[in-house]
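What follows is a set of notes on a single structure, which appears directly below.
There are 2 protein chains.
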Amino acid sequence: MALIGKLVVCGVGLIGGSFALALKQAGAVERVVGVGRNPATLARAVELGVIDEIAAGWRDALDGADFVLLATPVGQLDAIMEAMAPHLQPGTIVTDAGSTKRDVIEAVYRRLDPHLATVVPAHPIAGAEKSGVEAGFPTLYRGKKVVVTPLPENRPDAVERVRAAWTACGATVVEMSPQDHDRVFAAVSHLPHLLAFGLVHDLAGRANAELLFSHAASGFRDFTRIAGSHPEMWRDICLANRQALLAELDQYLAELAYLRALLLAGDGTRLEQLFGEARRARDAWAAQFPPPSTAE
Amino acid sequence: MALIGKLVVCGVGLIGGSFALALKQAGAVERVVGVGRNPATLARAVELGVIDEIAAGWRDALDGADFVLLATPVGQLDAIMEAMAPHLQPGTIVTDAGSTKRDVIEAVYRRLDPHLATVVPAHPIAGAEKSGVEAGFPTLYRGKKVVVTPLPENRPDAVERVRAAWTACGATVVEMSPQDHDRVFAAVSHLPHLLAFGLVHDLAGRANAELLFSHAASGFRDFTRIAGSHPEMWRDICLANRQALLAELDQYLAELAYLRALLLAGDGTRLEQLFGEARRARDAWAAQFPPPSTAE
């Protein structure tokens, strides 16, 4: 018997689509039903074999559902939970793939209060700069991390089923508090995205933008790759994790003010020292966490 | 007959070593002589076949030399030019691989005044985050750009010989003024390096650095790759191009101040618009300038 009988995926883009494909490849799901705001995307998902059928609405989708993954931008989750609440059956496991957790959990308490035992918030840490249903692939999560931030009300077996689903996708599951999650990812993910978007936006607005871009090379390519990320998704992340992101941005601005002072003073000794410390930390990290072998 | 008879490479690291290897592979050089501050590096360069012999000093190196590449961090070039000046013979072509050009050209006028016809400043645009003689490989420059910033005093045939050498390495040569060069690379290379060094340095100094780094994923990996670059080289670049880099940093700080205000105001509409503009510019650039097919 498969791990999941009827799987409902709300938002069949890169994240939701790859989850469905991975579970199918692992033989861990019997039937995948798609829900979403865009009928054309859902139709394409059927064509691509990402989902097996399209639900007419939440009543239809949740009828006999074992497991629901909410994989839309986080800004939509409150309204989605409100819409699904009347039709959610006891025992159906619900999880999400939102990049922020405190705001998602607030929405869970607001909208799904009778179901707190079985709603398990989570966040798969997988590159999402190529978005859309066409971008999904079954090995996206292989070797990646998934952070689960259980609610105190969660039933242990509900948490276990969410862990098992992600493990079946090839991911490693870790647990964190929502507060830690949001602070950690503000630093290592949300801030870098903001910085990359900002740099490309800054340069693109220059009178000599064409000249500048024509001389950008491999360093620029890697540094700005995440500026190709999904604008709506990142708008939602920035708003949802605004407090932690502002704190990180302010700390980074202090770092830049220090670097600016070193530059202004022509302090080569301290610049070289700082660059050396950064290089050693980056090298140590890269040695400890080599890239997963699948395409990122 | 080979393009170059006796080639002298000063600084046999990634850049100088790869130049020698590329010319050898192209059959464009007869003999490569290495000069440098570190005897062990030079000995290793002979073992690796990067150079054929080690010069005892500049007199020895420049005796009968056809072509000299200066491939050290730019902060050393003034002293190097001073040391080589008494031994430089008329007709020997001299070029450099410095990432900044105005400061190098100032040193040329200061140290090599009798040789202005044959000293042609240049800058190969090739990733240099892995440094050292072991990192060199013959295809580093294939499909890459080399910017040549000729002096008004340069003989056309001297410029042509520098272009021909880089073309033999598989690179595409473009000409720019030193002023344009330094401004353009402050924006698309020097500033991103400073920002990446700064982010890693900032995070590495936190009490919870280990927790943060353990959750960094592929976006962080790419964004911070250039923070693994050579500290001395980047110290020199920052100091040499300080003026243009400060101007770029200040413009970027204004961009971050704008982003901070949007975050603080919770202005999702403008955030999404800015991210969308950045994404479109990044996508258009990536489509127009696909990565070279060789390893970057």
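Protein chains in written order, with the numbering used here: chain A, 515 to 810; chain B, 515 to 810.
Beta carbons: idealized from backbone N, C-alpha and C, even for Gly.
Short Cβ contact (7 Å threshold) for residue i with residue j
i	j	result
W572(A)	A593(A)	no
V647(A)	V546(A)	no
L584(A)	L576(A)	no
G782(B)	R749(A)	yes
V688(B)	V634(B)	no
V588(B)	G612(B)	yes
V662(A)	A700(A)	no
V618(A)	D610(A)	yes
A569(B)	M595(B)	no
T606(A)	I751(A)	no
S532(A)	L713(A)	no
H729(A)	V702(B)	yes
V560(B)	V522(B)	no
R616(B)	P692(B)	yes
P745(B)	G719(A)	no
Rounded straight-line distance, which links the Cα of residue j to that of residue i
i	j	result
V676(B)	G548(B)	18 Å
C524(A)	F727(B)	31 Å
L770(B)	R669(B)	46 Å
L788(A)	F711(B)	8 Å
L717(A)	V543(B)	40 Å
R558(B)	K658(B)	26 Å
V564(A)	G742(B)	39 Å
H695(B)	V608(B)	19 Å
A516(B)	G578(B)	15 Å
H603(A)	P652(A)	In the sequence as displayed, the identity of residue 603(A) is Gln instead of His. Distance between the alpha carbons of Q603(A) and P652(A): 29 Å.
R697(B)	I740(A)	24 Å
Y766(A)	D580(B)	49 Å
A678(A)	H704(A)	27 Å
L768(A)	R784(A)	According to the sequence shown, residue 768(A) is Ala rather than Leu. The alpha-carbon atoms of A768(A) and R784(A) are separated by roughly 16 Å.
T586(A)	E667(A)	24 Å
L665(A)	L630(A)	7 Å
D566(A)	D574(A)	14 Å
A731(B)	Y772(B)	27 Å
V660(A)	Q802(A)	18 Å
S645(A)	A798(B)	16 Å
I639(B)	L562(A)	41 Å
A599(A)	T632(A)	13 Å
D764(B)	L709(A)	14 Å
L528(B)	R656(B)	14 Å
A800(B)	R794(A)	30 Å
M747(B)	L725(B)	30 Å
I518(B)	D671(B)	14 Å
K520(A)	A792(B)	39 Å
A540(A)	T738(A)	34 Å
H601(B)	P805(B)	41 Å
A723(A)	L760(B)	19 Å
Residue i classed as buried or exposed, judged by whether at least 16 other C-beta atoms fall within 10 angstroms
i	result
M690(B)	buried
T555(B)	buried
P706(B)	buried
R796(A)	buried
E762(A)	buried
D736(A)	buried
G650(B)	buried
E786(A)	buried
Y530(B)	First, the residue type needs correcting, since residue 530(B) is Gly and not Tyr in the sequence shown. Buried.
R813(B)	Absent from the structure is residue 813(B), since the part of chain B shown begins at 515 and ends at 810.
A721(B)	exposed
Can we say the stretch 747-767 of chain B touches the stretch 769-783 of chain A, given the rule of at least three CB pairs closer than 8 Å?
-> For the pair of segments examined, the stretch 747-767 of chain B was found to touch the stretch 769-783 of chain A: the number of CB pairs separated by less than 8 Å reaches three.
Where are the beta strand (DSSP E) runs, 3 residues long or more, that stay fully inside the stretch 612-657 of chain A, in chain order?
-> 636-639
Just list the beta strand (DSSP E) runs in the stretch 681-738 of chain B, keeping only unbroken ones of 3 residues or longer that don't cross its boundaries, in chain order.
-> 686-689
Segment contact, 8 Å Cβ cut-off, at least three pairs: the stretch 678-686 of chain B with the stretch 534-543 of chain B = yes
Would you list, in sequence order, the uninterrupted beta strand (DSSP E) runs of no fewer than 3 residues that lie entirely inside the stretch 521-581 of chain A?
-> The stretch 521-581 of chain A contains these whole beta strand (DSSP E) runs: 543-549.
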